[in-house]
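In what follows, a single structure is set out as C-alpha cells and then discussed.
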Amino acid sequence: MNRLYAILLLSVGLMSFVAVLFQPPEDHVAMAAESAEVQDARPMARHDEGDALLLKRDDSGQFHLTASVNGGDVRFLVDTGADMVALTEDTAEELGLTVGEMQPIMQTASGVGYAAPVVIDEMVVAGVTMTNIDAVVAQGLSTNLLGQSVLGKLGSVNLQGDQMVIRPR
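At position 143 of the sequence shown the residue is numbered 199 (the numbering used here), and the sequence of numbers has no breaks.
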C-alpha cells in the first residue's frame with residue numbers, strides 16, 4: 057500500500073510541477089481568474105445519461121470548476137493528466153483536513169517536492185456525490201487540481217473545441 061501511495065504521490069507531484077511550470081504570468085492569472093468566475097461550470101441541457109457539465113476554456117487555456125468538498129466550495133483546475141486530486145495547503149486547512157507529515161515525492165532541478173496523502177470524506181461534482189476520495193496535499197501547490205481519482209468516477213470527459221463536457225454516469 058505504501059508503494060502505491062508513493063507511485064500516486066510521484067505522479068501527482070510531477071503533474072503539479074508541470075502545472076506550475078506552465079502557470080501564466082501573474083497579470084494573466086488575475087485575468088483568467090476573473091474570466092473563470094464568469095465562465096464557471098454550468099449544466100447543459102438534459103441528456104439520457106443525466107445532466108452534463110459544460111466547462112469553457114478560460115483565457116489561459118485551462119478548465120476550472122467549483123466542487124463541494126466536505127461541505128465547502130473549492131475551486132479546481134481540471135487536470136485530466138493528474139492521477140489524483142491535489143489540494144493546496146491553504147485549502148486543506150480551510151477544509152479542516154488532517155494532514156500528516158509531508159513526504160518527498162520527487163526530485164527536480166529546483167529541489168524536492170513534498171506532499172501528504174489525505175482522504176476527502178465527501179465531494180460533489182456535477183451533481184454526483186462521491187465519498188472516501190484519495191487525494192494529496194502538495195507543499196507549494198498554488199492551484200487545486202481535480203485529477204482522475206474523481207474524474208474517473210464521474211463518467212465521460214470529452215473536449216469539444218474550447219469546451220470540456222463531463223457527462224455523469
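Just so you know, even glycine gets a beta-carbon here, dropped at the ideal spot from N, CA and C.
By DSSP's criteria, Gln-159 is part of a beta bridge. Which residues make up the other side? As a first step, residue 159 is located in the sequence shown; it is residue number 103 there, counting from the start. According to DSSP, Gln-159 bridges with Ala-171.
From Leu-207 to Gln-163, what does the alpha carbon distance come to, in whole angstroms? Mapped onto the sequence shown, residue 207 falls at position 151. Mapped onto the sequence shown, residue 163 falls at position 107. Taking the straight line joining both Cα atoms gives about 27 Å.
CB Gln-219 to CB Arg-113, shorter than 8 Å? Residue mapping note: residue 219 aligns to position 163 of the sequence shown, counting from 1. Residue mapping note: residue 113 aligns to position 57 of the sequence shown, counting from 1. Cβ atoms of Gln-219 and Arg-113: closer than 8 Å.
Any chance the segment 194-201 sits against the segment 209-219, with 3 or more Cβ pairs inside 8 Å? no
According to the neighbour-count rule (16 or more other Cβ atoms, all chains shown, within 10 Å of its Cβ), is Gly-152 buried or exposed? What you label residue 152 is simply residue 96 of the sequence shown in a count that begins at 1. Its Cβ having fewer than 16 others within 10 Å, Gly-152 is exposed.
Does the beta-carbon of Val-175 have 16 or more other beta-carbons within 10 angstroms, so that it is buried, or is it exposed? Counting from 1 along the sequence shown, the entry for residue 175 is found at position 119. Val-175 comes out exposed.
Got a sec? Which residues, its chain only, sit under 6 Å from Gly-156 by beta carbon, not counting five neighbours each side? Counting from one through the sequence shown, the residue named residue 156 turns up at place 100. So the qualifying residues of the chain are Ala-172.
Quick one: is Gln-216 buried, meaning 16 or more other Cβ sit within 10 Å of its Cβ, or exposed? Indexing the sequence shown from 1 puts residue 216 at position 160. So Gln-216 ends up on the exposed side.
Could you pull the start and end residues of the alpha helix (DSSP H) that Leu-215 belongs to? Locating residue 215 in the sequence shown gives position 159, where the first residue counts as 1. Premise fails: Leu-215 lies in the beta strand (DSSP E), 211-216, not in any alpha helix (DSSP H).
Please say whether Thr-144 and Leu-197 have beta carbons closer to each other than 8 Å? Mapped onto the sequence shown, residue 197 falls at position 141. Mapped onto the sequence shown, residue 144 falls at position 88. It is a contact, given that the beta carbons lie within the stated cut-off.
For Leu-121, which three-state DSSP category applies? As a working mapping, residue 121 is identified with position 65 in the sequence shown. Of the three classes helix, strand and coil, the one that applies to Leu-121 here is strand, per DSSP.
Apart from the five residues just before and just after Arg-223, which ones in its own chain have a Cβ nearer than 6 Å to its Cβ? The sequence position of residue 223 within the sequence shown is 167, counting from 1. Glu-105, Ala-108, Gly-211, Ser-212.
Taking Ala-142 and Ala-182 to be in contact with their CB atoms under 8 Å, please state how far apart those CB atoms are, rounded to whole angstroms. Along the sequence shown, read from residue 1 onward, the residue named residue 142 stands at position 86. Along the sequence shown, read from residue 1 onward, the residue named residue 182 stands at position 126. Actually they do not touch by this definition, with Cβ atoms about 19 Å apart.
Buried or exposed: which applies to Val-193, given that a residue is buried once 16 or more other Cβ atoms fall within 10 Å of its Cβ? Within the sequence shown, the letter at position 137 stands for residue 193. With 16 or more other Cβ atoms within 10 Å, it is buried.
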